[in-house]
Amino acid sequence: MIQHILIACKKVTSLRSFSMYQNNMQKIKLDLRNLFDSSVKAVQPDYLLKKSLLLDGNVLNVRDKKYILNNNVHIIGFGKAVLGMAYEAEKIFGEHLISGIISVPEGIMDTLKNSSNIQHVSNSVLKISEGAKNNLPDKNANETALKIKDLVKNLTSNDLLIVLISGGGSALLPLPLPSISIEEKSFIIKSLAAAGANINELNCIRKKLSVLKGGGLAEIAYPAQVVSLILSDIVDNPLDLIASGPTVLNNDSPDAALNIVNKYSLFEKMPLSVQKCLSFSNYNGEKSIGLKNFSHVQNVLIGSNLTAITSIAESANNMDYNSVILSTSVEGNVSDIGKLYATLACSVCKILHEDIKDNNNEINNIIQQIKQTFTVYENAENELHTALQNVNKGLCIIAGGETTVIVKGTGKGGRNQELAMIFMKHMHDNSQKCPLLKKFDIVLLSAGTDGIDGPTDAAGAFGYGQQYISAKEQNINLFEYEKNNDSHNFYKKLNGGQDLIISGHTGTNVMDVHILVIKPN
1 MIQHILIACK KVTSLRSFSM YQNNMQKIKL DLRNLFDSSV KAVQPDYLLK
51 KSLLLDGNVL NVRDKKYILN NNVHIIGFGK AVLGMAYEAE KIFGEHLISG
101 IISVPEGIMD TLKNSSNIQH VSNSVLKISE GAKNNLPDKN ANETALKIKD
151 LVKNLTSNDL LIVLISGGGS ALLPLPLPSI SIEEKSFIIK SLAAAGANIN
201 ELNCIRKKLS VLKGGGLAEI AYPAQVVSLI LSDIVDNPLD LIASGPTVLN
251 NDSPDAALNI VNKYSLFEKM PLSVQKCLSF SNYNGEKSIG LKNFSHVQNV
301 LIGSNLTAIT SIAESANNMD YNSVILSTSV EGNVSDIGKL YATLACSVCK
351 ILHEDIKDNN NEINNIIQQI KQTFTVYENA ENELHTALQN VNKGLCIIAG
401 GETTVIVKGT GKGGRNQELA MIFMKHMHDN SQKCPLLKKF DIVLLSAGTD
451 GIDGPTDAAG AFGYGQQYIS AKEQNINLFE YEKNNDSHNF YKKLNGGQDL
501 IISGHTGTNV MDVHILVIKP N
């Protein structure tokens, strides 16, 4: 009888513990979602553009330069974040704006129609065109790019061209060289991405095969004055690579694109038209003006991943977490990054549990390990050491950047969902070797600030060790989903899709954010 009572008591205690765990996890996931939303809000393009343009009568001040306005302003834009920028710019320029063409992702107009950040002007002169479904160049985007080219080629030295650029701009401004079809250009980009090429390598190829990229747009716009307002979606903000640098002088070596294709052993698989273009270093199609400098162009960075990451850190501190900015330069394969984050979480838990005598050495070792994969923020080690002094507070480690996925399967997913899934697997493995991890609630949010992760309707996902057990209980074969790069369908099936981050198009894009919360339970 007593034995039965003890068993019953254990079951009740176990149920209470599980219920408490679920409540803790729900609270952390809600905090993480709020932090993600705050990061997106901080990089809303209309707000960033308004801060960058100062109008004084008919004089436009942009940083240290002045421009005279006289019904001579034209606006073009391309990217996931340019819609809000365009409408805000139209309000600022008023009657001085006489024409404009904006290329935005398919579906974004409907998604953002009720957004407070997207308020279009009545009797607008802007022509908005959608294209590049699933962030891939298509016929619609190409037709809009051709219209943009036709607009800028007729400008004179009396005109002021405002160029709005953000992430996704490459797909929305395709216009390949005359000898190459858009299908051929898309084929090489898809092939390189599947082979693991990073965003910088992809943009180098795009510049080589395009009319407007790699400074082509600025050349065609000459002699008009050009002001480019750029929202960065690339690690370290290289202006020549954001949207493939349409207003930045191309300093790539003549053989750079060819070397990239050879690096991934893809040259023989390329169409002959592409092989010809890559093989001739001076083959540049319509880019024939040959400007040696772009003195008629002012390129201005108005926002970046750091803007979003800083907002997360401030919001986390207000939520009673100790925040640490780890990096804004995360690059590398998701398999490596997911494992690194799990290793970092394990080290932090050991320190918080006082299982390690030399905390400084443990922190230094993990930071050095991370530095072998991506650049760490200069104060990260000191911030982490300080944050770990308060064991009662939750720890919020924040990073940003853009990882890559080597695609081996035919599943549906994106780098953020894949990263969350890999982190989950390693956290489960770590908990088997290190039982003290069960004394902490550990959750990773990985999501794209544009709201779209790969060809899916999710921005990303939450990753945590308990998902591994839940998948088994729900008869979900994690190995099969991982092998097939099918992270989206994995998370859609797991827990009824509750661990997916669904936001829709956000109207902005400054790469991805990774937020790791570690909290004693």
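Residue numbers for the sequence shown follow UniProt numbering, beginning at 1 and rising by one.
Glycine included, each C-beta is placed from N, C-alpha and C at the ideal position.
Inset, instruction - Would you kindly work out how many angstroms separate the C-alpha atoms of residue 300 and residue 363, rounded to a whole number? - result: 37 angstroms
Legend entry - Touching by the beta-carbon criterion (3+ pairs, under 8 angstroms), the region 245-255 and the region 319-332: no
Inset, instruction - Please go through the same chain and pick out, in chain order, the residues whose beta-carbon is closer than 6 angstroms to the beta-carbon of residue 256, but skip the five residues on each side of it. - result: Correct list, in chain order: 204.
Inset, instruction - For residue 267, collect the residues of the same chain with a Cβ closer than 7 angstroms to its Cβ; drop the 5 residues on either side in sequence, then sort them by chain order. - result: If we look at residue 267 and ignore the five residues flanking it on each side, its Cβ neighbours are 261, 275.
Legend entry - Residue from 490, 399, 209 whose Cα sits closest to the Cα of residue 414: 490
Inset, instruction - Indicate the three-state DSSP secondary structure (helix, strand or coil) for residue 523 in the structure shown. - result: Only positions 1 to 521 of the chain appear in this structure, which leaves residue 523 out of reach.
Legend entry - CA nearest to the CA of residue 384, picked from 347, 64, 30, 105: Measuring from the Cα of residue 384, the nearest candidate turns out to be 347.
Inset, instruction - Report the rounded CA-to-CA distance for residue 40 versus residue 280, giving the unit in angstroms. - result: 43 angstroms
Legend entry - Short Cβ contact (8 angstroms threshold) for residue 501 with residue 463: no
Inset, instruction - Evaluate contact between the region 232-246 and the region 163-183, counting only Cβ atoms and requiring at least three cross-stretch pairs below 8 angstroms. - result: yes
Inset, instruction - Please work out which residues of its chain come closer than 7 angstroms, Cβ to Cβ, to residue 410, disregarding the five sequence neighbours upstream and downstream, and give them in chain order. - result: 484
Inset, instruction - Express the C-alpha separation of residue 469 and residue 428 in angstroms, rounding to a whole number. - result: 8 angstroms
Legend entry - Short Cβ contact (8 angstroms threshold) for residue 366 with residue 513: Their beta carbons are not under 8 angstroms apart, which means residue 366 does not touch residue 513 by this criterion.
Inset, instruction - Report the partner residues of residue 130 according to the DSSP bridge assignment. - result: 104
Legend entry - Expected contact under 8 angstroms - CB spacing of residue 406 and residue 333 to nearest Å: 6 angstroms
Legend entry - residue 394 beta carbon less than 8 angstroms from that of residue 330: no
Inset, instruction - Give a yes or no on whether the C-beta atoms belonging to residue 296 and residue 226 are separated by under 8 angstroms. - result: yes
Inset, instruction - Compare the Cα-Cα distances from residue 507 to each of 46, 294, 26 and report the closest residue. - result: 46
Inset, instruction - Return helix, strand or coil for residue 373, following the three-state DSSP convention. - result: coil
Inset, instruction - Please go through the same chain and pick out, in chain order, the residues whose beta-carbon is closer than 7 angstroms to the beta-carbon of residue 115, but skip the five residues on each side of it. - result: 507
Inset, instruction - Indicate the three-state DSSP secondary structure (helix, strand or coil) for residue 520 in the structure shown. - result: strand
Inset, instruction - Would you mind reading off the limits of the alpha helix (DSSP H) that contains residue 522? - result: Any answer about residue 522 is impossible in this case: the structure gives the chain only from 1 up to 521.
Inset, instruction - May I have the straight-line CA-CA distance separating residue 517 from residue 443, to the nearest angstrom? - result: 5 angstroms
Inset, instruction - State the DSSP-derived secondary structure class of residue 220, mapped to helix, strand or coil. - result: helix
Inset, instruction - Compare the C-alpha of residue 57 against each of 67, 42, 152 and name the closest. - result: 67
Inset, instruction - Out of 107, 62, 147, 92, state which residue places its alpha-carbon closest to the alpha-carbon of residue 124. - result: 92
Legend entry - Alpha carbon of residue 108 to alpha carbon of residue 344, nearest angstrom: Roughly 37 angstroms between the two C-alpha positions.
Inset, instruction - Flag this pair as touching only if the region 193-203 and the region 97-111 have three or more C-beta atom pairs under 8 angstroms; answer yes or no. - result: No, because fewer than three Cβ pairs between the region 193-203 and the region 97-111 fall closer than 8 angstroms, the two stretches do not touch.
Inset, instruction - Give me the Cα-Cα distance between residue 216 and residue 149, rounded to the nearest whole angstrom. - result: 10 angstroms
Legend entry - residue 86 versus 30, 161, 37, residue with shortest Cα-Cα distance: 161
Legend entry - Among 128, 387, 303, 315, the one whose alpha carbon lies nearest that of residue 359: Per the Cα distances, 387.
Legend entry - CB-CB length for residue 146 against residue 112, believed under 8 angstroms: Not a contact, Cβ separation roughly 25 angstroms.
Inset, instruction - Note the first and the last residue of the continuous beta strand (DSSP E) segment covering residue 440. - result: First-last of the beta strand (DSSP E) with residue 440: 440-448.
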